[in-house]
Amino acid sequence: MEKLKNIIDRWKIMHIAVVLLFVNSAFIIIIKNPQNNERLRLYDEVKEKRRELDRMKAYQKDLDKRQQRLKYTNESLKKFYGVILKPKNKGIVDMRQELAELFQQMNIPKVDIAYGNKEIPDYSLYEVEMTLPIEGSYDNIRRFLNKVENSKNFMVIEGVTLSESKAVLKLSIRLSAVFKNYEII
5 MEKLKNIIDR WKIMHIAVVL LFVNSAFIII IKNPQNNERL RLYDEVKEKR
55 RELDRMKAYQ KDLDKRQQRL KYTNESLKKF YGVILKPKNK GIVDMRQELA
105 ELFQQMNIPK VDIAYGNKEI PDYSLYEVEM TLPIEGSYDN IRRFLNKVEN
155 SKNFMVIEGV TLSESKAVLK LSIRLSAVFK NYEII
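Numbered per this note's numbering, the sequence shown spans residues 5 to 189.
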């Protein structure tokens, strides 16, 4: 009988242990699992927010670089407008005078220059387009073109058309020059 009682006691203990195991499992499934799921969801959300923050930092860095480039460009434009470009009236007089001196220095006969003018209002600029029909030796015309390219009056050679001639070189040179339409601060 004692043996039977021991077996029954063991059976009760095992039954209690199984019930406790079942209750513990139910507790984990019902209470802890949703908490764990919430914790995992929050962890994933934090990871996503960190990635978003990294993207925003990279974007901010790119914006800072752009701002620096724009600042440099703005400073360059101010220098261009302030130092390189001359006001329209003074610039046109200086350019004509420089061209006359170049013709004389290079022994190129004086020519009738055809002018075309236009305003560039979006940039407060004034463009003068010129066509110069010139003739002379190859060396003189080459030096003339070199001087025009290095002009202090910001002249640009837009095109050169060569005409046939046996004795001298004949060219039609299209130049343009840009000036400030008024003083810019």
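For every residue, glycine included, the Cβ atom is placed at its ideal position computed from N, Cα and C.
Note that the structure is predicted; figures quoted are calculated from it, not measured.
In the three-state reduction of the DSSP assignment, Leu173 falls in the strand class. For Lys122, there is no enclosing alpha helix (DSSP H); the enclosing beta strand (DSSP E) has its first and last residue at 118-124.
For Glu153, the enclosing alpha helix (DSSP H) covers residues 142-153. Taking the CA atoms as reference points, Glu123 sits about 15 Å from Lys90. Residues of the same chain with a CB within less than 6 Å of the CB of Met99, apart from the 5 flanking positions on each side, are Asn157, Ala181 in chain order. Val164 and Glu133 have their C-alpha atoms spaced approximately 13 Å apart. Within the model, the alpha-carbon separation for Val97 versus Tyr76 is close to 32 Å. A distance below 6 Å between beta-carbons, with the five flanking residues on each side excluded, links Gly120 to the following residues of its chain, in chain order: Glu133. In this structure the stretch 76-86 does not lie against the stretch 167-174, because fewer than three pairs of beta carbons, one per stretch, are closer than 8 Å. Here DSSP, grouped into helix, strand and coil, assigns Met5 to coil. Ser29 sits in a helix when the DSSP states are folded into three classes.
Counting only residues of its own chain and dropping the five nearest sequence neighbours on each side, Phe107 has a CB closer than 6 Å to the CB of Lys114. Taking the Cα positions, Leu129 is about 37 Å away from Glu168.
Residue environment: Ile17 is assigned as exposed (fewer than 16 neighbouring CB atoms within 10 Å of its CB, all protein chains considered). Each of Arg178, Tyr186, Glu42, Lys65 was checked against the Cα of Pro137, and the nearest Cα belongs to Arg178.
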